[in-house]
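Enquirer: Whatever position you read off the sequence shown (first residue = 1), add 1276 for the numbering used here. Each residue gets a CB set at the ideal place from its N, CA and C atoms; glycine is no exception. As the structure is a computational prediction, the values presented were derived from the model and not from experiment.
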Amino acid sequence: MKRLFFLASCLAVQMTAFAQNNDPVIMKIAGEPVLRSEFEYSYNKNNTEGVIDKKTVEEYVDLFVNYKLKVAAALAEKMDTMTSYKKEYVGYRDQQVRPTLINEADVEAEARKIYNDTKNRVGPDGLISPAHILLRLPQQAGNDEQIRVKNRADSIYNAIMAGADFAQLASRLSEDPGSKNNGGNIGQISRGQTLKEFEDAAFALRDGQVSKPVLSPVGYHIIKMLGHSPIPTYDSLRNDIHRFIDARGIRESIINGKLEQMVKATGLPQEQIMDQRADSLASADSEMKYLFKEYHDGLLLYEISNREVWEKASKDETGLEAYFKKNKKKYVWDAPRFKGIAYHTRDIEDVQAVKKVLKGKAFSEWNEVLRSTFNADSVLRIRVEKGIFKMGDNPLVDKEVFGLDAKPTPLKNYPNDATFGTVLKAPKDMEDVRAQVVADYQDALEQGWLAVLRERFPVEVDKKVLETVNKH
């Protein structure tokens, strides 16, 4: 027994050594080892042939390290323990795990069940293809109306018996809009799909036979039997049933049923079963393992970046103004811009009225002033495009402001075109280039944040292992 234990221990050590040699640690971030396979997964996924800004392995290292540093910061803040984070991560992960709970045999079994259920519903009478001519008769119709419609139905039936073409009469006389243009043909039906009176009469007919007028709750039917057919074989319908399963999301129902069976069989809660399944998939498939990790880290990255950079930058008005003033020289235009509106009015009087209400108002207030003054009611008096326009952005601005040979498209019901605003040679304030300032301020915040993270968390890169990426 001791000898067996010794041999097993030696084998375990050898296997561990083999695994480490086969997939060595390429770097450590905040003390956490990163295997070469994880780096390769990320690098190869983000540097496919279609990527415009393709990176070399060396160039990608800094991007990957920055990514991992942000994730380390999120973990240090325990963002992975938040209920909202856990719920979102499990949702992403389970999108990958759930389909693996069933196989094609499970789908095939469901397809056969759908076929057999349909076959049982159709019953031994199979399918029929009837056509009919319908003469509508309201249930509350008086005696005279009942006699009139019955006589008309008898007249049409007698004409058919005398040799008149059923399809032609249906297209001219039938009051069923769904079938009259098809010669009265209502398509294949089985028992239980239509009115009982119609169904009983139709199933009693032989192929080619025409019924006497049949009264149902909607009126009189003259029915012609176009043909009988048994339900097609499973093999002939198999592909259609499988397409039906995919189109109707029935696979999800099969998965839910399989999960219920697993819960009953194991006594474990569904969440634990899904966790175990995810662990099993990750152990057997490195692609799946790193896909799960990508979800895990990506959500953390979003949460921490939003807090430290994106949302912070967009809401920090004082910081944005200060950044703009400090870097004002970098925000220049290659040509003048028009800061204002291009607008269209129903009445000529509103052209001057617009200019009058906007005069002296802050640019940021214009939308609300125009809405409350001219478009507060259901009838819109003006249509407006507001912004900072360069040449080529708006035909009306090009023509009226920049003096270009442009032809604005007339706006229906708004025949009067005008502009109002100011031509700027350069941005006057931060709002004139807000989007660019926000983006630049975010970049500045991120660079400062990354510098702090590199001071806070140690980074070690094994250059020898790095040289083996995609070369082993």
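Which first and last residues belong to the alpha helix (DSSP H) in which I1517 is found?
Expert: Sequence index remark: in the sequence shown, residue 1517 carries index 241 (1-based). Y1510 to A1523 is the span of the alpha helix (DSSP H), which, as asked, contains I1517.
Enquirer: Kindly indicate which residue of V1494, F1600 and T1542 has the alpha-carbon position closest to the one of A1417.
Expert: Residue numbering aside, residue 1417 sits at position 141 when the sequence shown is read from its first letter. When each option's Cα is compared against that of A1417, the closest is V1494.
Enquirer: Please report the residue range of the alpha helix (DSSP H) in which P1671 lies.
Expert: Residue mapping note: residue 1671 aligns to position 395 of the sequence shown, counting from 1. P1671 to E1676 is the extent of the alpha helix (DSSP H) around P1671.
Enquirer: Spell out a yes or no on whether the segment 1603 to 1623 and the segment 1650 to 1667 are touching, meaning 3 or more CB-CB pairs, one atom from each, closer than 8 Å.
Expert: Contact holds: three or more Cβ-Cβ distances are below 8 Å.
Enquirer: Do you know how far the Cα of F1614 is from the Cα of N1342?
Expert: Here residue 1342 is taken as the residue at index 66 of the sequence shown, counted from 1. Here residue 1614 is taken as the residue at index 338 of the sequence shown, counted from 1. Looking at the two C-alpha atoms, the distance is approximately 40 Å.
Enquirer: To the nearest angstrom, how far is the alpha carbon of D1626 from that of D1653?
Expert: Taking the first residue of the sequence shown as position 1, residue 1626 is located at position 350. Taking the first residue of the sequence shown as position 1, residue 1653 is located at position 377. In a straight line, the C-alpha of D1626 is about 15 Å away from that of D1653.
Enquirer: Could you tell me which of Q1718, K1354, S1529 and T1394 sits nearest to Y1510, measuring between CA atoms?
Expert: As a first step, residue 1510 is located in the sequence shown; it is residue number 234 there, counting from the start. Taking only the C-alpha atoms, the option nearest Y1510 is T1394.
Enquirer: Tell me the DSSP bridge mates of R1412?
Expert: Within the sequence shown, numbered from 1, the residue matching residue 1412 stands at position 136. G1495.
Enquirer: Give the list of continuous alpha helix (DSSP H) stretches no shorter than 4 residues that lie fully inside the segment 1543 to 1599.
Expert: Runs of the alpha helix (DSSP H) inside the segment 1543 to 1599: 1546 to 1560, 1562 to 1581 and 1587 to 1591.
Enquirer: List, from N- to C-terminal side, the alpha helix (DSSP H) runs of 4 residues or more that fit wholly inside the segment 1672 to 1744.
Expert: Listed in chain order, they are 1710 to 1732 and 1739 to 1742.
Enquirer: Do the segment 1716 to 1733 and the segment 1584 to 1598 meet, that is, are 3 or more Cβ pairs less than 8 Å apart?
Expert: Yes: the two stretches touch, three or more of their Cβ pairs being nearer than 8 Å.
Enquirer: For L1575, which residues in the same chain have their Cβ closer than 8 Å to its Cβ, ignoring the five residues on either side in sequence?
Expert: Position 299 of the sequence shown, counted from the start, is the residue given in the question as residue 1575. The residues are Y1361, E1364, Y1365 and Y1368.
Enquirer: Report back the beta-carbon spacing between P1703 and Y1607 to the nearest angstrom; my notes put them in contact at under 8 Å.
Expert: Taking the first residue of the sequence shown as 1, we reach residue 1703 at position 427. Taking the first residue of the sequence shown as 1, we reach residue 1607 at position 331. Going by Cβ atoms, the distance from P1703 to Y1607 rounds to 5 Å, so yes, they are a contact pair.
Enquirer: Locate the beta strand (DSSP E) running through K1308, then write down its first and last residues.
Expert: Counting from one through the sequence shown, the residue named residue 1308 turns up at place 32. Checking the sequence shown, residue 1308 turns out to be Glu, not Lys. Run containing E1308: E1308 to L1311, per the beta strand (DSSP E) assignment.
Enquirer: Would you tell me roughly how many angstroms separate the C-alpha atoms of R1482 and R1424, rounded to the nearest one?
Expert: As a working mapping, residue 1482 is identified with position 206 in the sequence shown. As a working mapping, residue 1424 is identified with position 148 in the sequence shown. In a straight line, the C-alpha of R1482 is about 29 Å away from that of R1424.
Enquirer: If you reduce the DSSP assignment to three classes, tell me which class T1621 lands in.
Expert: The residue labelled residue 1621 in the question sits at position 345 within the sequence shown. Three-state DSSP puts T1621 in a strand.
Enquirer: What's the gap between the Cα of A1407 and the Cα of A1477?
Expert: By 1-based counting over the sequence shown, the position of residue 1407 is 131. By 1-based counting over the sequence shown, the position of residue 1477 is 201. Rounded to the nearest angstrom, the two C-alpha atoms are 12 Å apart.
Enquirer: Do you know offhand how far A1348's Cα is from V1337's?
Expert: Indexing the sequence shown from 1 puts residue 1348 at position 72. Indexing the sequence shown from 1 puts residue 1337 at position 61. Roughly 16 Å between the two C-alpha positions.
Enquirer: Please tell me whether I1436 and I1526 are closer than 9 Å, where the distance is taken between their beta carbons.
Expert: As a first step, residue 1436 is located in the sequence shown; it is residue number 160 there, counting from the start. As a first step, residue 1526 is located in the sequence shown; it is residue number 250 there, counting from the start. Cβ distance not < 9 Å, so I1436 and I1526 don't count as in contact.
Enquirer: With contact counted as at least three CB pairs below 8 Å, one residue from each stretch, are the segment 1703 to 1716 and the segment 1727 to 1746 in contact?
Expert: As far as the Cβ criterion goes, the segment 1703 to 1716 does not touch the segment 1727 to 1746, which means the pair count is below three.
Enquirer: Determine the burial state of P1691: buried for a count of at least 16 other Cβ atoms within 10 Å of its Cβ, exposed for fewer.
Expert: On the sequence shown, position 415 is the one that residue 1691 refers to. By the 10 Å Cβ count, P1691 comes out exposed.
Enquirer: In terms of residue numbering, what span does the alpha helix (DSSP H) encompassing V1608 cover?
Expert: Within the sequence shown, the letter at position 332 stands for residue 1608. Taken as a continuous stretch (DSSP letters only), V1608 belongs to no alpha helix (DSSP H), as it is neither H nor E.
Enquirer: Taking the alpha carbon of Y1391 as the reference point, which residue from K1344, T1332 and S1512 has its own alpha carbon closest?
Expert: As a position in the sequence shown, residue 1391 is number 115, starting the count at 1. Y1391 has its Cα closest to that of S1512, out of K1344, T1332 and S1512.
Enquirer: Which word fits A1446, buried or exposed, when buried means at least 16 other C-beta atoms lie within 10 angstroms of its C-beta?
Expert: Here residue 1446 is taken as the residue at index 170 of the sequence shown, counted from 1. When all chains shown are included, A1446 counts as buried.
Enquirer: What is the DSSP secondary structure of S1648, counted as helix, strand or coil?
Expert: Residue 1648 sits at position 372 when you count from the first residue of the sequence shown. Note: S1648 maps to helix in three-state DSSP.
Enquirer: Counting Cβ pairs, one atom from each stretch, are 3 or more of them under 8 Å apart for the segment 1396 to 1410 and the segment 1446 to 1455?
Expert: With a cut-off of 8 Å, the segment 1446 to 1455 and the segment 1396 to 1410 count as touching, because enough Cβ pairs lie within range.
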